[in-house]
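Engineer:
Numbering (the working numbering), first residue to last: 293 to 417.
1. How close, in whole Å, do the beta carbons of residue 357 and residue 342 come, if the pair is a contact with beta carbons under 8 angstroms?
2. With H, G and I counted as helix, E and B as strand and the rest as coil, what does DSSP make of residue 311?
3. Is there contact here, the stretch 370–380 with the stretch 336–351, by at least three beta-carbon pairs under 8 angstroms?
4. Among the candidates 383, 350, 322 and 377, whose CA atom is the shortest distance from the CA of residue 337?
5. How would you label residue 302, buried or exposed, when you count the other beta carbons within 10 angstroms and need 16 or more for buried?
6. In whole angstroms, what separates the C-alpha of residue 314 from that of residue 353?
7. Rounded C-beta distance between residue 404 and residue 395? I'm assuming under 8 angstroms.
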């Protein structure tokens, strides 16, 4: 089973997010999507709540997330290794590093995302 449709969906969502096109990203989510409040804790549910969280987050920080690897998991999820740069409103870098976003899917759409640890480079050694 190929994960290519899901990977293409994720690539499109990251492109739209980084371009500030929140409506395009939200259109790729299920009506009951669950999304982490990465800088606040907990989760929000549904595209409207995700949008409200992103708008709130955008008033406090600017995040650019660039996917660098897509790691399919046996349960159908995909772990995305992202290079994430977070800036404050003045443009100063608050953090610059790598993190994992683990996605679940339903009916060809993103059903959820969780912040996840990345496998260690020597995990298969």
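Glycine residues also receive a C-beta, built at the ideal position from the N, C-alpha and C atoms. Remember, predicted model here, so these are calculated numbers, not experimental data.
Structural biologist: Looking at the coordinates:
1. Wrong, their Cβ atoms sit about 15 angstroms apart, outside the cutoff.
2. coil
3. no
4. 322
5. buried
6. 16 angstroms
7. 7 angstroms
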